[in-house]
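For reference, the structure discussed in these notes is given below.
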């Protein structure tokens, strides 16, 4: 028992010594990596912070229902539009625009650049969906009953479409990334085919959910039972009249 415990202590000391030796070099590589991608890190952190705050504001406005303030909704809608437009204007010569319309980049993107394009586009698409939701909240600001249910159906439709579109958004980037002839035609075709197969199987459920919400929006409210006939209406009116007369005595 003593020998086994001493061996365990020796192993732990060896691991600690190895970590102590490799940690400074790892930190140095991390600093160099951050310096090489400093702009990408800054932009990613910025849009993530804006996204987090925007989501919080929109959630609060949605919960207010009839007490929503039109001025706040208009203001945040304008801010969202300016922010999304500004980001894409800054990268108008980059590879951000083509994947939005399901077109692959013109050149094979490096791995980290592909990650950056996917993250930025995903966040900007989510914020664009927030713009649509703000417009819906302004349109249905003082509605109740059936119109309020319609608002919920519209928001659900936007959310399911967003999930479907976000699932498809990385496909053009990774398609171009995997279709790299430098690794050989057979290998690149195999990896590209496998990726497209995995992607297709992952979006089937999202497609079904989107069309289900679309059908729910296109259908009118369901009425259970059957409509009363004219005779039933007359009998109900006579019964109600007798009941009211009986309660007066």
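Residue numbers (the numbering used here): 3 to 251. Beta carbons are placed, not taken as given, at the ideal position from N, Cα and C, and that holds for glycine.
What does a CB cutoff of less than 8 Å around residue i pick up in its chain, not counting 5 residues either side in sequence?
i           : result
residue 183 : 190
residue 43  : 36
With a threshold of 6 Å on Cβ separation, who are the neighbours of residue i within its own chain once the five nearest residues in sequence on each side are excluded?
i           : result
residue 215 : 158, 159 and 162
residue 165 : 208
residue 143 : 70
Reducing DSSP to helix, strand and coil, say where residue i ends up.
i           : result
residue 162 : helix
residue 119 : helix
residue 94  : coil
residue 227 : Low per-residue confidence applies at residue 227: pLDDT is 48, beneath 50, and the placement is therefore not dependable enough to give any value.
residue 143 : coil
residue 105 : coil
residue 174 : helix
residue 181 : coil
residue 186 : coil
residue 110 : coil
Does the ligand MN have a heavy atom nearer than 8 Å to the CB of residue i?
i          : result
residue 36 : Among the components of this structure there are no ligands whatsoever, and the ligand MN is therefore not found.
Round the Cβ separation of residue i and residue j to the nearest angstrom and send it over; I've been treating them as touching at under 8 Å.
i           : j           : result
residue 90  : residue 99  : 7 Å
residue 125 : residue 218 : Wrong, their Cβ atoms sit about 28 Å apart, outside the cutoff.
residue 127 : residue 168 : 6 Å
residue 112 : residue 97  : Going by Cβ atoms, the distance from residue 112 to residue 97 rounds to 11 Å, so no, they are not a contact pair.
residue 60  : residue 132 : 5 Å
residue 119 : residue 101 : 7 Å
Got a sec? Which residues, its chain only, sit under 7 Å from residue i by beta carbon, not counting five neighbours each side?
i           : result
residue 64  : 139
residue 110 : 178, 179 and 182
residue 85  : 52 and 129
residue 205 : 166, 169 and 170
*List in chain order: all unbroken beta strand (DSSP E) runs of 3+ residues lying wholly within the stretch 197 to 224.*
Counting only runs of 3 or more residues that sit fully inside the stretch 197 to 224, no beta strand (DSSP E) segment turns up.
*Note down, one range per segment and in chain order, each alpha helix (DSSP H) of at least 4 residues found wholly within the stretch 18 to 88.*
Within the stretch 18 to 88, the complete alpha helix (DSSP H) runs of at least 4 residues are 40 to 66.
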